[in-house]
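Student: Just so it is clear: in the sequence shown, position 112 is 135 by this note's numbering, and no numbers are missing.
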Amino acid sequence: MSQPSSAVIVQRVDAEQRYEILVDGERAGLTAYRDRGAQRVFHHTEVDDAFAGQGLASRLVQQALTDVRESGKRIVPVCSYVASFVKKHEEFADLTDPVDPEILRWLDTELD
24 MSQPSSAVIV QRVDAEQRYE ILVDGERAGL TAYRDRGAQR VFHHTEVDDA FAGQGLASRL
84 VQQALTDVRE SGKRIVPVCS YVASFVKKHE EFADLTDPVD PEILRWLDTE LD
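(1) So for Q86, helix, strand or coil by DSSP?
(2) If you draw a straight line from the C-alpha of G76 to the C-alpha of R57, how long is it?
(3) Cα separation between F108 and A55?
(4) Going by DSSP, what residue range makes up the beta strand (DSSP E) through P100?
(5) Whole angstroms is fine: what's the gap from E43's alpha carbon to E125's?
(6) Where does D71 sit, in a helix, a strand or coil, going by DSSP?
(7) My assumption, with CB atoms under 8 angstroms, is that K96 sits in contact with R63. Please give the rounded CB distance.
(8) For V99, tell me which candidate among G60, V31, V33 and D37 has the shortest Cα-Cα distance.
(9) Please say whether V33 and R92 have beta carbons closer to each other than 8 angstroms?
(10) Pull the bridge partners of Y42 from the DSSP assignment, please.
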């Protein structure tokens with residue numbers, strides 16, 4: 024008999040300015056953002072150690088970026104994981120804006 028597969032859901036939590044990935048209802052990870060006009064600036068991604076090695080970060084970021092595309096916004100990958108993901112997945116290149124000093128200064132004031 025095979026084991027039932029875990030229910031994995033990615034949801035946007037606007038009040039917290041992040042996307043969360045849930046495994047069987049438990050938050051396993053998140054990718055945090057701040058909106059700057061038409062840009063969604065991703066600044067942090069993490070997956071809890073208990074869920075490491077399951078490909079959840081990749082699934083989380085892929086679904087988050089797909090949501091950004093559907094919303095008509097653009098991506099600014101300040102987070103190193105999101106930046107690496109975008110480099111490996113060219114289908115998101117057309118909606119990615121570069122990280123520049125102005126964005127970094129703005130993000131610093133947002134996160135204070």
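Built from N, CA and C at the ideal position, the CB exists for glycine as well.
Tutor: Based on what the coordinates show:
(1) helix
(2) 27 angstroms
(3) 15 angstroms
(4) R97 to P100
(5) 27 angstroms
(6) coil
(7) 5 angstroms
(8) G60
(9) no
(10) R35 and T54
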